[in-house]
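Below: one structure, written as C-alpha cells.
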Amino acid sequence: MPSKSTKASTAARRKGREPLEESTSDMEVETEGNRQLGEVPPQAVSNEVLDNRSLEEILGSISPPPPPAMTNEAGAPRLMITHIVNHNFKSYAGEQTLGPFHKCFSCIIGPNGSGKSNVIDSMLFVFGYRAQKIRSKKLSVLIHNSDEHTDIQSCSVEVHFQKIIDKEGDDYEVVPNSNFCVSRTAYRDNSSVYHINGKKKTFKDVGILLRSHGIDLDHNRFLILQGEVEQIAMMKPKGQTEHDEGMLEYLEDLIGSARLKGPIQTLCRRVEILNEQRAEKLNRVKMVEREKDALEADRNKAIEFLCLENKICKEKNSICQYYIYDLKKRINDIEMQKEKINKQTKDINEKSSKLADEMKTKNQALKEVEKKLSKITKFVEENKEKFTQLDLQDVKVRENLKHAKSKAKKLEKQLQKDKEKVEQLKKVPSSSEKAIREATSKKELLEKTKEKEEERLKQVMDSLKEETQGLQEEKESKEKELMELSKAVNEARSNMDVAQSELDIYLSRHNTAVAQVNQVKEALVAASATLKERKAAIKDIDIKLPRAEQELKEKEKELEKLRREESGAKNLVRNLRQKVEEAKSSLAQSRSRGKVLEALLQQKKSGNIRGLYGRLGDVGAIHEKYDVAISSCCGALDNIVVDTIDTAQQCVNFLKASGIGVATFIALDKMAVWEKKMEKIPTPENTPRLFDLVKVEDETVRPAFYFALRDTLVTNNLEDATRVAFQKDRRWRVVTLQGQIIEQSGTMTGGGDKVMKGRMGSSVVMDVSEEEVNKMESQLQKDSKRAVQYEEEKLQLEEAIRKLHQDVREMRNTLEKYTASIQGLSEQEIHLKKQVKELEANVIAAAPDKNKQKELEKVLTSYKKDYDCVAEKAGKLEREVKRLHNLIIEINNSKLKAQQDKLDQINKEIDEWMSAVTKAQVAMRTADRNLKKSEESVLRTEKEIEDNEKEIKDLTEELTTLEEKAAEVINDCRQAEEALPGVHKEHHNLLQEMKTIQDDEHALQKEALNIKLKMEQIDSHISAHRTKVKYWQKEVGK
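Right, here's the structure in full:
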C-alpha cells in the first residue's frame, strides 16, 4: 500500500537496525533495514512519457500519506509503561522490578556498569530484536551468570502496560480493564517464546496487539538508541547525490513527503518545457500583432459589412423565431388536446378491457351452461327413452293384469253364485219341509178360522136370511161349486208351477252358458274395437311420422342453411365494419394530408399525373406493436412513391409551377437493384427484420420499403438491441419497440420524453370519398339488420325444431306403445274368440234335449191350459158369487161387509199357503239333482281362481317393479325438466348479456375509431407543424 511507503531512517541503517521479522528457527525476530511496506512511485519512467501525461494524471499517481499509527486527542486514552520485571536478565539476578514509571518522562541515572543500558536492552528483547542488536552474540548470553547464580536455564522480561487519561499536572486516570503484560523468555538452547498476560503467543500476535495500541514495531521511530541522536545531529542538510541521504531526506521520510519527490521533479521539467514553448508562442504573437495592425482598415470595412449582415440576419431570425414560437404554441395546444384524447382513449381501453374480461367470463359461463343444458337434455332424452320402454312393458303387463283381474272377478262371481247356489240347494229340503209344515199349520189354522168366520157369517146370514134367503141359497150353491173349482184351480196351479220349475231347472245350465257367451262376446267386441282403433292410430302415425321426420329434416337443413347465412352475414358485417373503419381512417388521413400530397393526388385523379402511388407510409401497413419503431427509424415514410423517374420529374415540375411546396420522391424503376436483397436473411437470434413485417397490397411498392428500411432489425428493449447490434462478423442497425435506434456506426438515438408514432397505420390507406364511406355505412346498417333478422329466424326455427322433435318423440313412443299393445290385444282377441268358441261349445253341450224340452213345455202348456180353463170357470163362478155377495152386501151392506171381507182374506191366505206348499215340494225334488252339479262347478272354479291369483300376483309384482323403475325415471326426468327452464333462462340471459356487451363493445369501437381519427388528424397537424418548425429552424441556422 502507498500509505506504508516510508523508508527506514538513515541512523537506523547505520546502526544495522531493520524492521522486525519473525524467525522460523529460534522464534527470534530480525530487522531488515532495506525492507519497506510500500514503494515510492517508480522513477525509471522516461521523461518523454512523464511529460506527455496530464497534470491530473501526475497528481493522481501520488500515493496518499500513510494513516497515523495513533492519534493523541485531548482527553483521549493513551498507552504507558507502568513497570518492567526482569528475571535473571543480564546483570539483573533473580526478579528485579524497574518502576513505576512517570506518565510522561522517566530518567534512569547511575554510574557506568550499573545496568542502565540493560533497561533499554530488556525492552528491545521483549520487542523482538535479535541478540546481536542487544549487544550479545546469541540469546543464551542474555541469561544472568555470576558466581552466586550459576547454571540458570532461562531469563525473561515482562513489560507491563496500561491505558490512562491525562489530567492536570501529574495526575491521571487509569482506564478500567486496560492493563496487559507482554513477556519474552529465552532458554539455553537459544530459543525463545512470547506470552501475553501469561498465555503463550507468537511474535505476530504480539506485533498485532502493540500495533493496535499505537506501537509500530515495523517503523520503530518511538525508540532512539545510544549514539543515534549524535548521528542525526551530524547529518548534512541535504544529500549530495540521488542515493545520498541528508537531514531533508530523513525528515521527509519521517513526515511521509518523500513520496512527492518524483512528481515534483516531473512537474519541474514540465514547467521548463512549457516556458520554452511560451517564449516561442510569444514571439509568434508579436509578429501576428504587427500583421494585424496593418490590416486594421480592411477589418473595419469587414466589420461594417458584417454588422449590416448581422442586422439582416437578426431581423430574419426574429421573423423565423416568431413563426417557430407560433408553431410551437399551436403544437402545445394540439398536444394538450391530444393528452385529453389520450385520457379518453385510456378510459375507453379500460372499459374495453373490462368488457373483454366480462365477455370472456360470460363465454366461459355460456359454455358451462350449454354443457349443463346438453347434459340435462341428454339425460331427459335417455330417461324418456327408458320410460318409453318401461311404459311399453307396463302396458303389456297391465293388459295381462286387467285380463287376469277381469277373469278373477268373473270366476269369483261365478264361484259366489255356485257357492250360494250350493248353500241354497242344501237349504232347500229343510226350508221346503219347514215351509210345508208352516204352510200346512197356517192352512189348518186358517181353515179353522174360516169355519168360525163362516159360522159367524152364517149366523149373520141367518139373521138376514129372510131378506136374502133366495140370494143366499143361490150364493151357497155357487160357493160349493166354487170350493170344488178352487181345489181344482190349486191343483192345476201346483202342477203348472212344478212344470215351470222343472223346465227352468232343465234350461238353467244352457241359459248360464248363453249368458257367459254373451259376456265374452261383449269383451271380444271391445277388444276388437280397441285393436281396430289402435291399428288405425298406428296407420295414421305411420303416415304422419315420416312427414314429421321429413319436415324435421327440412327444418334442420333450413336451420343449417340459416346458420351458414347468419355466420356469413356476421362475417360480412364484421369485414364491412372493418372496411368502414379503415375507410373513415383513410378519409380522415386524406383530410389531414399536407397540401403537397393532396395537390399531387388531385392531379392523379384528374389524370394529369399517372404512376403516382402516394405517400410511402400510406401504401403499406404494419401491426400497431411496431408503430413507434417504424415511425422512429424510417424517415422516408413521408416520401412519395412513383413508378418512374419521369413521373417524379413531372411532379417536381408541377410543384415548382404551382409553388405549393417541396417533396421527396421514390422512383420504383430505380429500386430494382434492391430486389435480390429483399429475400429473407439469417439474423442474430432470429430477430425479425422490420421490412419483413410490412404488409402491402401492391407488391410493386415493396422495393421502396426495402430502400427505406434496409436490414433494420426490431427488438423488444435496448438491452436486446445492444446484444444483437454488435456481432463479431457484422454490425446491424437495430430499433426497439420504444423507438431507440442503434446505427451501424455505433451511434444511439432515442430516450426522449416523447416518442414518434402514427406515421404508418395497421392497414393500407385507401383513397375513398365521403360519399363512398356513407354508402358503406348504409350497406353496413342493412347487413346488420339482415344479420339480426337471421338470428331471430334462427331462434324461431330452433323453437319449431324443438317442438317437432317433441312431436316425433311422442309419435314414436305412441307407435312403440301401440305396436307393443297390438300383440297383447291380438292375443286377447284370439283368446276371447277361442273362449267364445269354447263357451259356444259349452252352450251346444249344455243345450237341452228338444224332445224332453218339448215334452216339458207340452206338459207345462197342458197344465197351463187346464189351469186357465179351471181358473176361467172358477173366475166366472167367483164373479157370480161375488155378484151375489155384493148384491147381498148391498142389501145387508152394513152387517155382512166386514165379515165377508174377513172371510175373503182368509180364503186368499189359504190359497197362498197352498201354493207355497206346492212350490216347496217342487223345490225339494229339483234340489237334489242340482246340488251335485253345483258342487263340481265350485271345485272347478276354485282351481281356476287359484291359478289366476298366482298369475295376478306375479303380474302385480312385475307391475310394481316397473312402476318403481318408472317412478324413479319420472322423478329424475321431472327434476331435470324442472331444472331445464332455469338453465334455459340462464342461457337466454347470458345470450342477452353477451349481446348487450357486444353492443357496448361496438359502441366503444366506434368511439375508439372516432378518437383514433382525431388522434391521426392531431398527429398529422403536429407532424406538419414540426416540419414547418424544422424548416424555420433550418432557415434560422443558415
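Numbering-wise, numbering that gives the first Met the number 0 puts 884 at position 885 of the sequence shown, and it's gapless, one number per residue. Note that beta-carbon positions come from the ideal geometry of N, C-alpha and C, so glycine has one too. Note that this is a predicted model, so its numbers are computed, not measured.
query                                                                                                                                                              : result
Glu475 by DSSP, collapsed to three states: which one?                                                                                                              : helix
Return helix, strand or coil for Gly660, following the three-state DSSP convention.                                                                                : coil
Below 8 Å on the Cβ atoms is my contact criterion, and I expect Phe179 with Ile163 to pass it. Report the Cβ-Cβ distance as a whole number of Å.                   : Actually they are not in contact, since the Cβ atoms of Phe179 and Ile163 sit about 13 Å apart, beyond 8 Å.
Consult DSSP for Asp697 and reduce its assignment to one of helix, strand or coil.                                                                                 : coil
Out of Lys756, Asp710 and Glu770, which one is the CA nearest neighbour of Ile741?                                                                                 : Asp710
Mind pulling the beta strand (DSSP E) runs of 3 or more residues that sit fully within the segment 89–172?                                                         : 91–97 and 153–165
Check whether the segment 227–235 and the segment 153–163 touch, using three or more Cβ-Cβ pairs below 8 Å as the test.                                            : no
So Ser936 and Asp539 are in contact, right, with Cβ under 8 Å, and what is the actual spacing, rounded?                                                            : So it is not a contact: roughly 46 Å between Cβ atoms.
When DSSP builds the beta bridges, which residues end up paired with Met1040?                                                                                      : As shown, the chain starts at 0 and ends at 1037. That puts residue 1040 outside it, with no answer to give.
Would you give the residue range spanned by the beta strand (DSSP E) that Arg614 belongs to?                                                                       : Leu611 to Arg614
Can you give me the start and stop residues for the alpha helix (DSSP H) that Thr721 sits inside?                                                                  : Leu717 to Ala724
Just checking my contact of Val713 with Val693 at CB under 8 Å: how many whole Å lie between their CB atoms?                                                       : Actually they do not touch by this definition, with Cβ atoms about 11 Å apart.
Please state if the CB of Ile142 and the CB of Arg210 are separated by a distance shorter than 9 Å.                                                                : no
Pair every Cβ in the segment 615–630 with every Cβ in the segment 567–577, then say whether three or more of these pairs are closer than 8 Å.                      : no
Between the alpha carbons of Gln152 and Pro110, how many angstroms are there, rounded?                                                                             : 29 Å
CA-CA distance, Asp867 and Ala403?                                                                                                                                 : 51 Å
Give me the residue from His884, Lys964 and Arg808 with the minimum Cα distance to Lys1101.                                                                        : Outside the displayed range of the chain (0 to 1037) lies residue 1101, so it cannot be described from this structure.
Pick out whichever of Ser135, Arg924 and Gln904 has its Cα sitting closest to the Cα of Thr448.                                                                    : Gln904
Can you tell me where the alpha helix (DSSP H) with Val228 in it begins and where it stops?                                                                        : Glu227 to Ala232
Starting from the N-terminal side, write out each stretch of the alpha helix (DSSP H) that is 4 residues or longer and does not extend beyond the segment 473–553. : none
If I measure Cβ to Cβ from Leu636 and keep anything under 8 Å in the same chain, skipping five residues before and after, which residues do I get?                 : Arg614, Leu615, Gly616, Ile629, Ser630, Ala707, Arg758 and Met759
Below 7 Å CB to CB, which residues in the same chain sit around Leu481 once its five sequence neighbours on both sides are set aside?                              : Ala873, Leu876, Glu877 and Val880
When you compare the CB positions of Asp390 and Asn812, do they come within less than 9 Å of one another, or not?                                                  : yes
If I follow the unbroken beta strand (DSSP E) through Ser53, where does it start and stop?                                                                         : That residue, Ser53, is in no beta strand (DSSP E); it is neither H nor E in DSSP.
Return the Cβ separation of Lys901 and Glu432 in integer angstroms, given the expectation that the two are a contact with Cβ distance under 8 Å.                   : Lys901 to Glu432, Cβ: 30 Å. No contact.
I'd like to confirm the pairing. Which residues does DSSP put opposite Thr184 in its beta bridges?                                                                 : Ser155 and Val192
My output table needs one value for Ile83: the three-state DSSP class, helix, strand or coil.                                                                      : strand
Straight-line CA distance for Arg701 to Leu305?                                                                                                                    : 51 Å
Using the C-alpha atoms, what's the distance from Asp642 back to Leu611?                                                                                           : 7 Å
What did DSSP end up calling Val1035 once you bin it into helix, strand or coil?                                                                                   : helix
Are there three or more Cβ pairs, one per stretch, closer than 8 Å when the segment 99–108 is compared with the segment 72–90?                                     : yes
With distances taken between CB atoms, is the gap from Ile821 to Arg533 smaller than 9 Å?                                                                          : yes
Between the alpha carbons of Lys853 and Glu839, how many angstroms are there, rounded?                                                                             : 22 Å
Given this structure, state the Cα-to-Cα distance separating Ala846 from Glu826, to the nearest angstrom.                                                          : 29 Å
Can you give the beta carbon distance from Leu354 to Glu1000, rounded, assuming they're within the 8 Å contact cut?                                                : 5 Å
I need the boundaries of the beta strand (DSSP E) containing Val641, first residue and last residue.                                                               : Ile639 to Val641
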